[in-house]
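Worksheet for the structure shown next.
Protein chains: 2
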Amino acid sequence: MAARPSSVPRARVLVVEDDDTIRTSVAAALADAGHAVDAAPDGSDLEERLASFRPSAVVLDWMLPGRDGPRLAQVVRATSAAGIVMVTARDEVPDRLAGFEAGVDDYVTKPFAMAELLARVTAVLRRTGAIGSVVQVADLTIDEEAGLVMRAGRAVDLTATEFRLLAYLAANRDRVLSGTQLLTQVWGYDDYAENLVQVHISALRRKLEAHGDRLVHTVRGLGYRLSAPPP
Amino acid sequence: MAARPSSVPRARVLVVEDDDTIRTSVAAALADAGHAVDAAPDGSDLEERLASFRPSAVVLDWMLPGRDGPRLAQVVRATSAAGIVMVTARDEVPDRLAGFEAGVDDYVTKPFAMAELLARVTAVLRRTGAIGSVVQVADLTIDEEAGLVMRAGRAVDLTATEFRLLAYLAANRDRVLSGTQLLTQVWGYDDYAENLVQVHISALRRKLEAHGDRLVHTVRGLGYRLSAPPP
DNA sequence: ACCCTTCTTCAGGCGACCTTCAGCCTGGCT
DNA sequence: AGCCAGGCTGAAGGTCGCCTGAAGAAGGGT
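From first to last, the protein sequence lines are chains A and B. Under the working numbering, think of the first position of the first sequence as 1136, with each following residue one higher. Under the working numbering, think of the first position of the second sequence as 1136, with each following residue one higher.
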């Protein structure tokens, strides 16, 4: 297997599959793609594994001894934010619908190409935010993984808090986020701390909008929103 | 189209597909599922549609006249946070991989069951956290969660009170709401404050009907009603 | 131990928004 | 046509939320 570039993002992935051959090969492929992998033949100790291993994605077999796929999918969704990729031999439309109803993010039928499973797991990881992706808003570029922010081709120097604030705004671009929401999500505070958010928004604007239009919009009475300026 | 309760989860979905039959049926199915839908036969004006319609998900054909799927997928990812569901007739593993490399979230092959496409779009919407209560009346779209109001594809800037007023009218579309009712439900006032409501209705109309027909109708002696203009 | 950066709190000032008022308009009735 | 109640809207005052400079507090590095 070829050495992979060191820039490939890593995440923790849990594999639950009773077929030994499939389980080990899937686990090996995921590990080779740079992810940390945990594997189990059934879902008997799923809760514990979720709690200790804290996976960002779960590859789940549909037919399992003991509790089956749908039940387990609900457990995963209820107790973690992990994405779920269901793997199954059943390939009828009603089966797939049942899977999506149970809350899975993707559905792959056996036999499958390992590369495709990998691609789908990667897509789910990207979407759940487990992989820091590059976000672009107008001429603003935010590279979460590298911790880099650029505006109109020029690097912008942000403090740690400012960066987290901007990253959260970017992850929810075009949506209004209230002060309380920002405080809990960016700072982790439960109670509302006056104008803490205001001050940091202000600082962010000063740096971000030094050489460009307004990107952080305030929606009076509601909160703030990151979006491209109107033409 | 059947009437639906306004509490059903909804979002904005853009469909780009050159086959007229498929495009209209997909658009209809999505609309019937309660989503606000925009559709285009090709990706020529994709940027504009993304900027104005601000979809939370894009259903994208792989083979399109002009710029093709992968190119368009990259445009979507670079300039918006929308999830992407690729629809294609090509069903070889390398094709799928190319799709995922381009950054799509899911991949459906023709022919597909409409229910499955819906399920996959829903899964993507759920994962992107885009499901909220979106209400559409004629060419007016109200996204309560994002705090967004759009008329004929253009964002409308409302104050907090105007937004609450419109949201309440929309939640009770096609029903007449008295001044007192609006005052208690939107303002929380017990006593009737003269023409407070009138003034705000007036402001709402000025902004809403700047580029379109009348949507807020006054029913003399009874109150106001939000409904599509007669054809 | 000191300094420097960053985070947080405080207070003043400003502007947008809400509300009221007054005059004009519209539609329905006689 | 004329009248009248109800509806509409421009203008103005006051309030409240937001912005920002400045100073204190906390953490990290030398």
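Ideal Cβ positions, reconstructed from N, Cα and C, are used throughout, including at glycine.
Compare the Cα-Cα distances from residue i to each of the options and report the closest residue.
| i | options | result |
| --- | --- | --- |
| R1310 (chain B) | B:T1319, B:R1360, B:V1256 and B:D1154 | B:R1360 |
| A1208 (chain A) | A:S1187, A:E1227 and A:G1234 | A:G1234 |
| A1162 (chain B) | B:I1336, B:L1195 and B:D1226 | B:L1195 |
| I1266 (chain A) | A:S1191, A:Y1327, A:V1210 and A:E1227 | A:S1191 |
| P1200 (chain A) | A:G1238, A:D1154, A:G1264 and A:A1217 | A:D1154 |
| P1205 (chain B) | B:H1352, B:P1246 and B:E1236 | B:E1236 |
| R1184 (chain A) | A:L1357, A:V1210 and A:V1291 | A:V1210 |
| Q1333 (chain B) | B:F1247, B:A1186, B:T1353 and B:E1344 | B:T1353 |
| M1249 (chain A) | A:S1160, A:G1358, A:V1291 and A:I1336 | A:S1160 |
| D1230 (chain A) | A:M1198, A:T1214, A:P1246 and A:A1217 | A:M1198 |
| S1215 (chain B) | B:E1227, B:L1149 and B:E1280 | B:L1149 |
| P1114 (chain A) | A:T1156, A:G1356 and A:R1212 | This structure does not reach residue 1114 (chain A), given that chain A is present from 1136 up to 1366, and the question cannot be answered. |
| V1228 (chain A) | B:V1228, B:L1232 and B:L1253 | B:L1253 |
| D1278 (chain B) | B:E1344, B:L1181 and B:R1189 | B:R1189 |
| A1345 (chain B) | B:R1289, B:T1315 and B:L1181 | B:R1289 |
| A1217 (chain A) | A:T1263, A:D1180 and A:R1355 | A:T1263 |
Within the same chain, show all residues whose beta-carbon is closer than 8 Å to that of residue i, passing over the 5 residues directly before and after it, in chain order.
| i | result |
| --- | --- |
| R1255 (chain A) | V1220, D1241 and V1243 |
| L1293 (chain A) | V1284, L1301, L1339 and K1342 |
| V1272 (chain A) | A1305, R1308, L1350, L1361, S1362 and A1363 |
| F1298 (chain B) | G1282 and V1284 |
| R1139 (chain A) | In this prediction, R1139 (chain A) scores a pLDDT of 37, lower than 50, which makes its location untrustworthy; the coordinate-derived value is nonetheless stated afterwards. The answer, listed in chain order, is D1167, A1168 and G1169. |
| E1251 (chain A) | V1243 |
| H1335 (chain A) | T1296, E1297 and L1300 |
| S1337 (chain B) | none |
| E1182 (chain A) | V1210 and T1214 |
| S1187 (chain B) | M1285, G1288, R1289 and A1290 |
What did DSSP end up calling residue i once you bin it into helix, strand or coil?
| i | result |
| --- | --- |
| D1194 (chain B) | Per the sequence shown, residue 1194 (chain B) should be read as Val rather than Asp. Correct three-state label for V1194 (chain B): strand. |
| I1277 (chain B) | strand |
| V1291 (chain B) | coil |
| T1219 (chain B) | According to the sequence as given, residue 1219 (chain B) is Ile; it is not Thr. The answer is strand: DSSP assigns I1219 (chain B) an E or B state. |
| A1166 (chain B) | helix |
| A1258 (chain A) | helix |
| R1286 (chain A) | strand |
| L1199 (chain B) | coil |
| G1358 (chain B) | strand |
| L1350 (chain B) | coil |
| G1234 (chain B) | helix |
| G1267 (chain B) | strand |
| R1145 (chain B) | strand |
| D1155 (chain B) | helix |
| D1173 (chain B) | strand |
| Y1327 (chain A) | coil |
| V1211 (chain B) | helix |
| V1228 (chain A) | helix |
| V1272 (chain A) | strand |
| V1161 (chain B) | helix |
| V1150 (chain A) | strand |
| V1239 (chain B) | coil |
Once the 5 residues before and after residue i are set aside, which same chain residues still bring their CB inside 6 Å of it?
| i | result |
| --- | --- |
| A1171 (chain B) | R1147, V1269, Q1271 and T1276 |
| V1239 (chain B) | A1208, I1219 and M1221 |
| L1331 (chain A) | none |
| S1313 (chain A) | G1358 |
| V1291 (chain A) | V1284 and K1342 |
| E1152 (chain A) | R1158 and D1196 |
| Y1303 (chain A) | Q1320 and V1321 |
| L1165 (chain A) | V1148 and V1172 |
| R1212 (chain A) | G1238 |
| V1193 (chain B) | L1149, V1211, A1217 and I1219 |
Suppose the cutoff is 7 Å on Cβ atoms and the five residues either side in sequence are ignored; what does the same chain contact list for residue i look like?
| i | result |
| --- | --- |
| R1202 (chain B) | G1178 |
| Y1324 (chain A) | L1318 |
| D1274 (chain A) | R1286, A1287 and G1347 |
| T1315 (chain B) | Y1327 |
With a threshold of 8 Å, are at least 3 pairs of Cβ atoms found where one atom belongs to the stretch 1259 to 1278 of chain B and the other to the stretch 1315 to 1332 of chain B? With the cut-off at 8 Å, the stretch 1259 to 1278 of chain B and the stretch 1315 to 1332 of chain B do not touch.
Residues in the stretch 1332 to 1344 of chain A having any Cβ partner in chain B nearer than 8 Å: Those residues of the stretch 1332 to 1344 of chain A placed with their C-beta closer than 8 Å to a C-beta in chain B do not exist.
Would you say the stretch 1166 to 1178 of chain A touches the stretch 1213 to 1231 of chain A, given that touching needs at least three Cβ pairs under 8 Å? no
Chain B contacts made by the stretch 1248 to 1267 of chain A, where a contact means CB separation under 8 Å: A1248, A1250, E1251, A1254, R1255, T1257, A1258, V1259, R1261, R1262 and T1263
Name the residues in the stretch 1202 to 1219 of chain A whose C-beta lies less than 8 Å from a C-beta of chain B; which are they? G1218: these are the residues of the stretch 1202 to 1219 of chain A whose beta carbon lies less than 8 Å from some beta carbon of chain B, given in chain order.
Residues from the stretch 1351 to 1364 of chain A in contact with chain B, defined by Cβ distance under 9 Å: V1354, R1355, G1356, L1357, G1358, R1360, S1362 and A1363
When you check each C-beta in the stretch 1294 to 1312 of chain A against every C-beta of chain B, which residues fall closer than 8 Å? A1306, N1307, R1308, D1309, R1310 and V1311
Output, in sequence order along the chain, the residues in the stretch 1186 to 1201 of chain B whose CB is closer than 8 Å to any CB in chain A. Of all residues in the stretch 1186 to 1201 of chain B, only A1186 and R1189 place a beta-carbon less than 8 Å from a beta-carbon of chain A.
Tell me which residues of the stretch 1151 to 1182 of chain B have at least one Cβ-Cβ distance to chain A shorter than 9 Å, keeping chain order. Answer set for the stretch 1151 to 1182 of chain B: empty.
Return the residues of the stretch 1230 to 1241 of chain A that lie within a Cβ-Cβ distance of less than 9 Å from chain B, sorted by chain order. Taking 9 Å as the Cβ-Cβ cut-off, the stretch 1230 to 1241 of chain A approaches chain B at R1231, L1232, G1234, F1235, E1236, G1238, V1239, D1240 and D1241, given in chain order.
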